[in-house]
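Peer 1:
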Amino acid sequence: MTCKVCERQPRKRRDPPLPCMEYIPEDQGKYASFHGRGSEESYYKCVECGHKWLHETGNCGMGWQP
Numbered sequence: 033m034t035c036k037v038c039e040r041q042p043r044k045r046r047d048p049p050l051p052c053m054e055y056i057p058e059d060q061g062k063y064a065s066f067h068g069r070g071s072e073e074s075y076y077k078c079v080e081c082g083h084k085w086l087h088e089t090g091n092c093g094m095g096w097q098p
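Residue 98 is where the sequence shown ends in the working numbering, and the numbering goes up by one at each step.
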């Protein structure tokens with residue numbers, strides 16, 4: 033479950049993380065390319081509630097996923 037603080041995270045792929053989001057370098061995904069269109073995964077954790085978030089960027093990225 034997410035908390036009220038991290039639920040305010042904008043969900044688009046170009047939106048930066050909120051101050052409560054902590055980058056988790058050891059859980060990073062690899063860049064995946066699909067016919068020249070790619071997606072890169074980054075993982076963050078809310079320091080308020082501990083919920084883990086996925087941030088997908090790139091042409092095929094879906095943005096912020098709780």
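Note that beta-carbon positions come from the ideal geometry of N, C-alpha and C, so glycine has one too.
The structure displayed is predicted, hence computed values, not measured ones.
Cutting at 8 Å between CB atoms, please list the residues of its own chain near residue 53, excluding the five before and the five after it.
Peer 2: Walking along the sequence shown from the start, residue 53 turns up at place 21. The residues are 38, 41, 76, 77, 78, 79 and 85.
Peer 1: Residues bridged to residue 87 by DSSP?
Peer 2: The residue you call residue 87 lines up with position 55 of the sequence shown. 74 and 96.
Peer 1: Less than 8 Å between the CB atoms is what I'm expecting for residue 61 and residue 91, so what's the real figure, rounded?
Peer 2: In the sequence shown, the residue the question calls residue 61 occupies position 29. In the sequence shown, the residue the question calls residue 91 occupies position 59. Wrong, their Cβ atoms sit about 16 Å apart, outside the cutoff.
Peer 1: Relative to the alpha-carbon of residue 48, which residue among 87, 34 and 82 has its alpha-carbon at the smallest distance?
Peer 2: The residue you call residue 48 lines up with position 16 of the sequence shown. Out of 87, 34 and 82, 87 has the C-alpha closest to the C-alpha of residue 48.
Peer 1: Out of 36, 45, 33 and 34, state which residue places its alpha-carbon closest to the alpha-carbon of residue 89.
Peer 2: By 1-based counting over the sequence shown, the position of residue 89 is 57. For residue 89, the nearest C-alpha among the options comes from 45.
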